[in-house]
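Worksheet: one structure, shown below.
Okay, structure coming up:
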């Protein structure tokens, strides 16, 4: 069933998977485990042109508070939506490893290939 749904995902979609770890031993943001959050990469690998993870840790990584009180998440999201690594004229992702390293992502896929950016 997941493979059928996977085929419905547009190839040109860009995904920024933001997830958190409270560093309290739960390996979660209080709601979603890091393992579950990272499983999205498995589901979209080879399907989407661009997939990137962004991990945030500590108390500010709580699931429903990440977007309210976490400057690192705000910056990652702003860079993802409006950063220079995105070519607005062609609507196509343009990978910039230096920018991604500054954002401290986990991993990125570009055109189906995994890029380690840590």
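In my numbering, the protein residues as written are 6 to 123.
Where is the CB? At the ideal position from N, CA and C, for every residue including glycine.
Bear in mind that the values here come from a model prediction, so they are computed numbers and not experimental data.
With the cut-off set at 8 Å, would you say residue 22 and residue 45 are in Cβ contact?
By the CB criterion at 8 Å, residue 22 and residue 45 fall inside the cutoff.
For a test of the three-state rule: what should DSSP assign to residue 32, helix, strand or coil?
In the three-state scheme derived from DSSP, where H, G and I count as helix and E and B as strand, residue 32 is classed as coil.
Where residue 75 sits in the DSSP three-state scheme:
The three-state secondary structure of residue 75, taken from DSSP, is coil.
Counting C-beta neighbours from all protein chains within 10 Å, is the total for residue 71 16 or more, i.e. buried, or is it exposed?
Looking at its Cβ environment, which holds 16 or more other Cβ atoms inside 10 Å, residue 71 is buried.
One question on the structure: do residue 26 and residue 60 come within less than 8 Å of each other, judged by their Cβ atoms?
For the pair residue 26 and residue 60, the CB atoms are nearer than the 8 Å cut-off.
Using C-beta distances below 8 Å, list every residue in its chain close to residue 62, excluding the 5 sequence neighbours before and after it, in chain order.
Hits under 8 Å: 25, 26, 27, 28.
Is DSSP giving residue 50 helix, strand or coil here?
The DSSP-derived three-state label of residue 50 is coil.
Beta-carbon spacing of residue 80, residue 53 below 8 Å
Contact flag unset, no.
Of all the options 75, 11, 12, which has the alpha carbon lying nearest to the alpha carbon of residue 65?
The option with the nearest alpha carbon to residue 65 is 75.
Enclosing alpha helix (DSSP H) for residue 11 [first to last residue]
Here the alpha helix (DSSP H) through residue 11 covers 7 to 11.
Please report the Cβ distance between residue 56 and residue 20, rounded to the nearest whole angstrom; I am assuming they are in contact, meaning their Cβ atoms lie under 8 Å.
Yes, they are in contact, since the Cβ atoms of residue 56 and residue 20 sit about 5 Å apart, within 8 Å.
On the three-state DSSP scale, how would you describe residue 27?
DSSP places residue 27 in coil when its eight states are reduced to three.
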